[in-house]
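Residues in the sequence shown are numbered consecutively from 20, following my numbering.
Notes for the one structure printed next.
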Amino acid sequence: MAVNRAVAVAEVEGPDAALTVVDELDLGSYHLFHAIRADLLRRLGRNAEAALAYEATIASTENTAERGFLRRRLEALAQG
């Protein structure tokens, strides 16, 4: 899947290159798309955009454990 490729690109070429890959995907309804995008934005220091992506991920998943993890990530962004 293309999302997995973006994760690999992040490890090899860095988050900026991976974000380019992610932003070319049309997977807005796939919650992990938003989660990966949020993490890449966080790693780039683009916290406001990352927060929006985390919120989109939280809204699109029913999994309690995932929601908890994502909320903690979102809270960590707010703390700086």
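Cβ atoms here follow ideal geometry from the backbone N, Cα and C, with glycine treated the same way.
As the structure is a computational prediction, the values presented were derived from the model and not from experiment.
Asked	Found
S79 - DSSP class collapsed to helix/strand/coil	helix
Exposure of T76, with buried meaning 16 or more beta-carbon neighbours within 10 Å	buried
Through-space distance from L96 to N66, alpha-carbon basis	6 Å
Helix, strand or coil at R65 [DSSP, three-state]	coil
Residue environment, D58, which counts as buried when at least 16 other CB atoms sit within 10 Å	buried
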